[in-house]
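Numbering follows the numbering used here, with no gaps: position 118 of the sequence shown is 644.
No residue lacks a Cβ here, since even glycine has one placed at the ideal position from N, Cα and C.
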Amino acid sequence: MFKLSTLVDSKKTNRQGSLKLGQPKKKSKAKPQASKKQSREVVELEWLKQVINRKVATVFIVVAVIISTVLMLPKEDFLPIEKIIISGDYEQLKMERIKNNLDNYLGQGFFSVDIKYIQRNLSREPWIDTISVKRIWPDKLHVSLKEKQAIARWDGKHLLSDKAVIFAADSKSFMNLPRINGYSGQSVELLSRYGEIQYEFSKLGIHIAEMIEDSKGALSLVLNGKLKVSLGSENNDMKIKKLLSVYSDQIKPRAEYIKHIDFRYSNGFAIAWTDEYLNLEKSGDSKKRGNKNV
527 MFKLSTLVDS KKTNRQGSLK LGQPKKKSKA KPQASKKQSR EVVELEWLKQ VINRKVATVF
587 IVVAVIISTV LMLPKEDFLP IEKIIISGDY EQLKMERIKN NLDNYLGQGF FSVDIKYIQR
647 NLSREPWIDT ISVKRIWPDK LHVSLKEKQA IARWDGKHLL SDKAVIFAAD SKSFMNLPRI
707 NGYSGQSVEL LSRYGEIQYE FSKLGIHIAE MIEDSKGALS LVLNGKLKVS LGSENNDMKI
767 KKLLSVYSDQ IKPRAEYIKH IDFRYSNGFA IAWTDEYLNL EKSGDSKKRG NKNV
């Protein structure tokens, strides 16, 4: 009996042991389930890629069709320009002539209209300083103009802009502007020189009406519209300082009787008086008397 119970117990033990050994085998059955889940994810990912690829391909085809259609259409007829907008501050520009010029571009294609050509064409207008032409979708052009600012007369047929650009214009309409002219044609240097001299003279309330450079480089000025001053071509800075130093005491009180002041001397300057002053001098009027040479 003892042996039998022992045998039975051993069988129970073996069964229990077999149960324990069998538990890991149940866990191993989960591996095929995980593999199936991964397979489903892979299938879903592939399906999503296919859907995306189809959509991308569809968009690409649509865009290609649109582009090819546009390219097949005549450029001059596609989206014709219906309106041209002009903006800017201007007083001297001949706007009627500019508008008539721009009307030639109405009806041209939005993409085919030559923007650079329009800019070059309008730049021929003497008074135009800068010009910008832009497209406005889908059927407009915007033309922005900036007018030159005239600050001086150059000879009798041109004007000088604030950027020292010489341009053709009716200078008779701008007689209030100073006259600047140079034989060398160096407008930039002359305009800069004029500004420097005028700055010094303005401290004494003097306006330079004319500044002329002759073929030898000699400089002459006209002060306050009538008093002519010849400076010559050398040491002009020193001569101008001398003129400024004597102007208030010696020149200004007799300015109405002076025709010309000549600084083309190495040791001073000469004054040419009017006939009226010379007659007063002969009559002995001491109040009007002055030296001819200083």
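{"query": "Residues bridged to Gly708 (per DSSP)", "result": "Glu739"}
{"query": "Per-residue burial, Asn707 [other beta carbons within 10 Å of its own, 16 or more giving buried]", "result": "buried"}
{"query": "Endpoints, alpha helix (DSSP H) assigned at Arg623", "result": "Met621 to Leu628"}
{"query": "Strand pairing of Arg679, partner residues [DSSP]", "result": "Leu685 and Arg705"}
{"query": "Simplified DSSP assignment, three categories, for Arg661", "result": "strand"}
{"query": "Cβ contact (3+ pairs, closer than 8 Å) linking the segment 631-639 and the segment 607-617", "result": "yes"}
{"query": "Neighbourhood of Leu628 by C-beta, 6 Å cutoff - its chain only, sequence neighbours within 5 removed", "result": "Ile610"}
{"query": "Cβ neighbours of Lys785 in the same chain (closer than 6 Å, five flanking residues each side left out)", "result": "Ala798 and Thr800"}
{"query": "Beta carbon of Phe789 nearer than 9 Å to that of Leu749", "result": "no"}
{"query": "DSSP bridge partner residues for Ala695 (one or two, in chain order)", "result": "BP columns for Ala695 are empty, so no partner."}
{"query": "Nonlocal neighbours in the same chain, by C-beta distance under 8 Å from Glu673, ignoring five residues either side", "result": "Gly614, Asp615, Tyr616, Glu617, Gln618, Leu619, Trp653, Ile654 and Asp655"}
{"query": "Integer-rounded CB distance, given that Ser649 should sit under 8 Å from Ile657", "result": "6 Å"}
{"query": "Distance between beta carbons of Tyr773 and Leu730, contact taken as under 8 Å", "result": "6 Å"}
{"query": "Whether Pro704 touches Tyr720 by CB criterion (9 Å)", "result": "yes"}
{"query": "Supposed close pair Ile677, Leu671 - CB separation, criterion 8 Å", "result": "Rounded, the Cβ-Cβ distance is 19 Å, inconsistent with contact."}
{"query": "Where Ile504 falls: helix, strand or coil (DSSP)", "result": "Outside the shown range of the chain (527 to 820) lies residue 504, about which nothing can therefore be said."}
{"query": "Closest residue to Ile738 among Arg780, Val669, Ser771 and Ser759 (Cα-Cα distance)", "result": "Ser759"}
{"query": "Residue from Ser713, Glu651 and Lys689 whose Cα sits closest to the Cα of Trp680", "result": "Ser713"}
{"query": "Cutoff 7 Å; reference Lys742; Cβ partners in own chain excluding five residues on either side", "result": "Ser759"}
{"query": "Straight-line Cα distance separating Ser638 from Thr584", "result": "29 Å"}
{"query": "C-beta atoms of Ala735 and Gly751 nearer than 9 Å", "result": "yes"}
{"query": "For Ile777, the first and last residue of its enclosing beta strand (DSSP E)", "result": "Neither: Ile777 is in no beta strand (DSSP E) and is coded neither H nor E."}
{"query": "Coil, strand or helix - Ser638 by DSSP", "result": "coil"}
{"query": "Reference Glu802; option with closest CA among Ala781, Phe795 and Gly794", "result": "Ala781"}
{"query": "CB contact flag (Phe795, Lys754, <9 Å)", "result": "no"}
{"query": "Glu722 versus Lys689: straight-line alpha-carbon distance, rounded", "result": "15 Å"}
{"query": "Secondary structure of Trp799, DSSP reduced to three states", "result": "strand"}
{"query": "Residue range of the unbroken beta strand (DSSP E) whose run includes Asp788", "result": "Ile784 to Asp788"}
{"query": "Selected residue, minimal CA-CA separation from Pro664, among Lys808, Ile777 and Phe604", "result": "Phe604"}
{"query": "Residues that DSSP places opposite Gly758 in a beta bridge", "result": "Leu745"}
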